[in-house]
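For the protein sequence lines, the chains are D and H, in the order given. Position 29, counted from 1, in the first sequence is what my numbering calls 29; the numbers after and before it change by one each time, with no gaps. Position 197, counted from 1, in the second sequence is what my numbering calls 197; the numbers after and before it change by one each time, with no gaps. Ideal placement from N, C-alpha and C gives every residue a C-beta, glycine not left out. Comments concern the structure below.
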Amino acid sequence: MTQASLGTGSDRPAKMVRSGPWRDGIRLFMRNRTAVVGLIIVLLFIVLALIAPWITRYEYTAQVLADRLQPPSAKHWFGTDDLGRDIFTRTIYGARISLWVGFLSVIGSIVIGTLLGIVAGFYGKWVDMIISRVFDILLAFPGILLAIAIVAILGPSLQNALYAIAIVNIPTYGRLVRARVLSLRQEEFITAARAIGVRDARLLFRHILPNSLTPLIVQGTLGVATAIIEAAGLGFLGLGAQPPEPEWGKMLSDSRQFIQTAPWTVIFPGVCILLTSLGFNLMGDGLRDTFDPKLKNR
Amino acid sequence: MGSYIVKRLLVLIPVLFGMTLIVFSIIHAIPGDPADTILGEKATEQSKQALREQLGLDRPWLEQYTAYLGDLITGDLGRSIRTRAPITEEIGPYLAATIELTFASMLFAIIIGVNAGIVSAWKHRSWFDYVCMLIALVGVSMPIFWLGLMEQWIFANKLHWLPSIGRMNQRDPLESITGFYVIDAMLSGQWSQLWTVLKHLILPSIALGTIPMAVIARMTRSSMLEVMQSDYIRTAKAKGISQFLVIYRHGLKNAFIPVLTVIGIQTGSLLGGAVLTETIFAWPGVGRYIYEAISNRDYPVIQSGILIIALIFVLINLLVDLLYAWFDPRIQYK
């Protein structure tokens, strides 16, 4: 029993502190200052992406050739690009694309990776051998290179870049879940559930999966940062979003020839990629420290 | 150790087969007729048929794959559609350029990363520690293609300190002996050219090496913090050995095992990052070779480039596993 529940001895009734693994986790996370900074950065970009149409009076496709390559000013906060488009507008609309690709590709990787990891870890034997070898083969390619190969097959587009990033990252989550299932399989509560005749599907999705969520959340948060950079990388190579989509990587590659005369065209989209990725990394580190304090120094 | 090496090599066989299967499938997975995609819809039926025959697309799938494997074993990577030259001959200089860049990037990452990590652990919770870890954190989140552009803008365009693109001054070419320009310049005793080559290497190496540097610094710091609390370190300190020797001679030796794993993983990921860095710095490496092949829909080159990089990636990982087992013999018995 905690001191709070026993009372502190004063006349005032003691404040009850609600406890539970998730509440404790949130409390610990909120105490981690760098993680909170990460959360604020991420929330800021999410809010900007959501309210983009209300905070800018320009369309992201609107071209005003008379205003081309204008430096940052009160009229154009981040300046304009070579087609006279407002870079601030394009950057905040770009946040929609990057966050969408980041979240969706990670969700896709987690869903498929988790299913494969659970099946491999739970059933073992030849099923595990086949799935694990497929993971090994996919991991034998540097991530961005495999993504390039997939987009080269499917054709350049934002949607195909999203598929490519999701496929490339499946083994990361699959291996994580497989390892977790292997250790959980030995736990007494699983043996007990089996003894009372709980079916495999129920055992997997009601008992094993919920106990594998923590490492998935941590890895998923860090994974969004990687996915955003990978999507921007593919966009930069012309393999992701196509014009006139305001994707940050594509904006960088379109503006790189003007870097000497109009550096703002390159600075702002790049800073946005860096900040969102930093935000997710700080959050991921914070979550890892919260759920696994042994790794705090890493 | 011998049986461990054999075991690791046996595990590698299915992975290598799988890799060739994926790379082989690149052309076959193209939706519709690959000849249409490669030559464009306006190409004549005759030229499309010729291409199908050249790539073997008119034969059964299994026959194509076995022929492909047979060619690979004999070192035949096929011909480029664009230049019509054998890829095995063409890829050599590109490969040398990528290896040189990767090596320079890793050298930068290890020297700066390991030392920053050590000093951060040594001066734990000091301003140096905080600044280093902040840089490392930003470094891990850095889009390297943007960092490359910023480097070009500041150090090449604004300050004119370093060249912004290429491997060498085009007007003063270097006679290629090994393909590695640093070595070639030293072998031919052309020291002014060596300086030019090194100047061309600096910006792309920093861009490519920044993420590994940050990851290595973080890992070295955490590993050193753990080791520095060990009893044998306390004993070494009690014996009056200087702080420097305790850290670099006793501490680093044991802290280095996890750092080595990270170095291996990062060296592999550098090969992927090379595609972006080489594109920005017009570095004539395999990454740029693949990028240009994608623009030209030169699928045999895309296949071979990806296969070669993946193969190097796998071999580096194998080497790291073996080194890991050599440093820590307990690994072999697990």
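For a Cβ distance threshold of 8 Å, residue set Leu149, Gln152, Trp153 and Asn157 of chain H lies close to D/Ile259, ordered along the chain. Residue environment for H/Trp122: buried (at least 16 other C-beta atoms within 10 angstroms of its C-beta). When C-beta atoms of the stretch 106-119 of chain H are compared with those of the stretch 216-232 of chain H, three or more pairs fall below 8 Å, so the two segments count as touching. Excluding its 5 nearest sequence neighbours in each direction, D/Gly84 has C-beta neighbours in its own chain below 6 Å: Gln63, Val64, Leu65, Asp67 and Arg68, listed in chain order. Only residues of its own chain outside the window of five on either side were considered, and among them Leu162 have a CB closer than 7 Å to the CB of D/Leu104, listed in chain order. For H/Arg79, the secondary structure class from DSSP, reduced to helix, strand or coil, is strand.
Beta-bridge partners assigned by DSSP to H/Asp33: none are found. At a cut-off of 8 Å between C-beta atoms, H/Pro143 counts as an interface residue with respect to chain D.
Note on H/Trp61: under 16 other CB atoms within 10 angstroms of its CB, so exposed under the neighbour-count rule. At least one beta carbon of chain H lies nearer than 8 Å to the beta carbon of D/Asn281.
Within the same chain, Gly179 and Phe180 come within 6 Å of H/Ala96 by CB-CB distance, once the 5 residues on both sides are set aside. The beta carbon of D/Leu274 sits closer than 8 Å to some beta carbon of chain H. In summary, D/Ile196 is exposed, with fewer than 16 beta-carbon neighbours lying within 10 Å of its beta-carbon over all protein chains present. Of H/Glu89, H/Tyr324 and H/Asn317, the smallest CA-CA separation from H/Val15 is found for H/Asn317.
Considering only beta carbons, no part of the stretch 50-61 of chain H lies closer than 8 Å to chain D. At least 8 Å separates the beta-carbon of H/Met228 from that of H/Phe108. For H/Pro14, a Cβ of chain D is located within less than 8 Å of the residue's own Cβ.
D/Thr290 counts as buried, since no fewer than 16 other beta carbons sit within 10 angstroms of its beta carbon. Take the alpha-carbon of D/Ala241 and the one of D/Ile229: they are about 13 Å apart. D/Phe141 has a beta carbon lying within less than 8 Å of a beta carbon in chain H.
Between the stretch 191-204 of chain H and the stretch 124-134 of chain H there are fewer than three inter-stretch CB-CB distances shorter than 8 Å, so the stretches are not counted as touching.
Here the alpha carbon of D/Phe45 sits roughly 41 Å from the alpha carbon of D/Ile130. In the structure shown, the three-state DSSP call for H/Pro93 is helix. Taken through DSSP and simplified to helix, strand or coil, H/Pro86 comes out as strand. The CB of H/Val140 comes closer than 9 Å to the CB of Ala225, Ser277, Leu278 and Asn281 in chain D, given here in chain order. One alpha carbon belongs to D/Pro171, the other to H/Thr235, and they sit about 44 Å apart. Remark: fewer than three beta-carbon pairs, one from each stretch, lie closer than 8 Å, so the stretch 111-121 of chain D and the stretch 68-83 of chain D are not flagged as touching. The shortest C-alpha to C-alpha distance from H/His160 to any of D/Gln260, D/Leu287, D/Arg33 and D/Arg23 is the one to D/Gln260. Out of D/Thr61, D/Gly121 and D/Ala193, the CA that lies nearest to the CA of D/Arg206 is found in D/Ala193. Going by beta carbons, D/Ala225 and D/Phe280 fall inside the 8 Å limit. Selection D/Leu138, D/Pro156, D/Ala74 and D/Gln186 evaluated against D/Ile167 yields D/Leu138 as nearest (Cα-Cα). Looking at D/Gly94, D/Ala74 and D/Leu43, the one whose alpha-carbon comes closest to that of D/Cys272 is D/Gly94. Linking D/Leu39 to D/Leu213 through their CA atoms gives a straight-line distance of about 20 Å. H/Leu276 reaches chain D at Ile144, Gly233, Phe236 and Leu237, counting residues in chain order whose Cβ is nearer than 9 Å.
Using a Cβ-Cβ cut-off of 7 Å, H/Ile22 is close to Ile137 of chain D, given in chain order. Going by C-alpha positions, H/Thr74 is about 25 Å away from H/Gly268.
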